[in-house]
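Dropping the structure here:
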């Protein structure tokens, strides 16, 4: 009989819990809170990433524009271009920023070759007179192009660390091609 009394008390307690609606909001909030936090942090992550992506485009375009306004450039002059890019990335950091600037000559048949190239570490990223690629709509006979390649690493703040294997850093890269504006070509004597 003692066992029957325990069952009756458990049955009454279960009926009371089934009918009681207090605390339902707290339980629903506890279930939804992690999802809401991930949505908030994800929106933050996407906003910052898009801002850095836009700044990468702006910096690459700006560098190419500045170079194409010159008749000739030197290595010493080109060493200021990372500073130009860093100014565009303020207030975000520009740590790990890499820039390559290349003068590309297209011959009478529209075949592009490297006229000169410069990287911010002072090296020549591409061998002079080697073949290179340009977009198909820019393959015109007897023209000169300046290409800027910019890349910057972006470390994800917190969003879904398991989606990016082993590292939470993505690289944002941009390339711009411009025609020279001050002359037919832009030369670099010591590149």
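Numbering (full-length UniProt numbering), first residue to last: 1 to 191.
C-beta atoms are modelled at their ideal positions from N, C-alpha and C, and glycine is treated no differently.
If we call anything under 8 Å between Cβ atoms a contact, is residue 151 one with residue 98? Their beta carbons are under 8 Å apart, which means residue 151 touches residue 98 by this criterion.
Beta-carbon within less than 6 Å of residue 68's beta-carbon, same chain only, minus the 5 sequence neighbours each way: which residues are those? The beta carbon of residue 68 is closer than 6 Å to those of 146, 178, 180, 181 in its chain, skipping five residues each way along the sequence.
Can you tell which of 136, 140, 59, 115 has its C-alpha closest to the C-alpha of residue 103? With distances taken between Cα atoms, residue 103 lies closest to 115.
Quick one: give me the first and last residue of the beta strand (DSSP E) that residue 176 is part of. Its beta strand (DSSP E) spans residues 169 to 178.
Might you give, ordered along the chain, the residues of its own chain that have their beta carbon closer than 8 Å to the beta carbon of residue 75, omitting 5 neighbours on each side? Cβ within range, chain order: 118, 122, 188, 190, 191.
List the residues that DSSP assigns as beta-bridge partners of residue 93. Bridge partners of residue 93: none, in fact.
Between the Cα of residue 61 and the Cα atoms of 156, 149, 186, 172, which residue gives the shortest distance? It is 149.
When you compare the CB of residue 145 with every CB in chain D, is at least one pair closer than 8 Å? No chain D appears in this structure, which consists of one protein chain only.
Local Cβ density within 10 Å of residue 64, reported as buried at 16 or more and exposed below that: Buried, because 16 or more other Cβ atoms sit within 10 Å of the Cβ of residue 64.
Would residue 88 pass as a contact of residue 59 if the rule is Cβ separation under 8 Å? The Cβ-Cβ distance between residue 88 and residue 59 falls below 8 Å.
Bridge partners for residue 119 per DSSP, in chain order? The partner list for residue 119 (beta bridge, DSSP) reads 100.
Go ahead and label residue 101 buried or exposed: buried means 16 or more other beta carbons lie within 10 angstroms of its beta carbon, across all protein chains shown. The C-beta of residue 101 has 16 or more other C-beta atoms within 10 Å across all chains shown, which makes the residue buried.
Using a threshold of 7 Å, is the CB atom of residue 16 nearer than that to any non-hydrogen atom of the ligand FMN? For the structure depicted, the ligand FMN is absent and the ligand set is empty, with no information on it obtainable.
Compare the beta carbon distance of residue 109 and residue 131 with 8 Å and say whether it is the shorter of the two. It is not a contact, given that the beta carbons lie outside the stated cut-off.
On the three-state DSSP scale, how would you describe residue 157? Three-state result, residue 157: coil.
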